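Trainee: Numbering (full-length UniProt numbering), first residue to last: 1 to 133. Cβ atoms here follow ideal geometry from the backbone N, Cα and C, with glycine treated the same way. These numbers come from a predicted model, not from an experiment. Dropping the structure in here first, questions after.
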């Protein structure tokens, strides 16, 4: 039975706003499961997949950087971007991955940092796209 309210917000839309059983997110120290009754937490969110467990089913989404807050029976995720597997344009993600890999051979530290982030995002999107139903 769903017991926690989850809201996922991006700059473009309210991505998710429903009751769930639990969620697994990628925090700065690894994966973090959030269950009903958890000690309150606010932590940065890393690029990765989130796994939402709801009424005996699992849904997977791709997210970028952001924050997750869990207080009492409410979880709020604020992230730069969130996508369901079926929303991911695989060709676009593959092109972004290739561009990022090419940039990683550059010399500028700023270019390297931006390329690393772009590569992580594109790989995450491609991995998440495999969860299409």
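1) Specify, as a first and last residue, the run of the alpha helix (DSSP H) that residue 93 falls within.
2) If you check the beta carbons only, do residue 4 and residue 20 fall under 7 angstroms apart?
3) Hey, residue 75 and residue 34: beta-carbon distance below 7 angstroms or not?
4) Check whether the Cβ atoms of residue 132 and residue 86 sit closer than 7 angstroms, and answer yes or no.
5) Can you pull the DSSP bridge partners for residue 58?
6) So, at 7 angstroms on beta carbons, what are the nonlocal neighbours of residue 73 in its own chain, with the 5 sequence-adjacent residues on each side left out?
7) On the DSSP bridge assignment, give the partners of residue 26 in chain order.
Mentor: So, from the listed chains and residues:
1) Taking the chain shown and counting its residues from 1, the one referred to as residue 93 is at position 93. Segment 90 to 103, the alpha helix (DSSP H) holding residue 93.
2) One-based indexing of the chain shown puts residue 4 at position 4. One-based indexing of the chain shown puts residue 20 at position 20. Yes.
3) Here the question's residue 75 lines up with position 75 in the chain shown. Here the question's residue 34 lines up with position 34 in the chain shown. Taking 7 angstroms as the Cβ cut-off, residue 75 and residue 34 qualify as a contacting pair.
4) Start at 1 with the first residue of the chain shown, and residue 132 comes out as number 132. Start at 1 with the first residue of the chain shown, and residue 86 comes out as number 86. Their beta carbons are under 7 angstroms apart, which means residue 132 touches residue 86 by this criterion.
5) Residue mapping note: residue 58 aligns to position 58 of the chain shown, counting from 1. Paired residue(s): 53.
6) Walking along the chain shown from the start, residue 73 turns up at place 73. Counting only Cβ-Cβ distances below 7 angstroms, and skipping sequence neighbours, we find 3, 4, 5 and 36.
7) Here residue 26 corresponds to residue number 26 of the chain shown, with the count starting at 1. DSSP, once it has assigned bridges, lists 31 as partnering residue 26.
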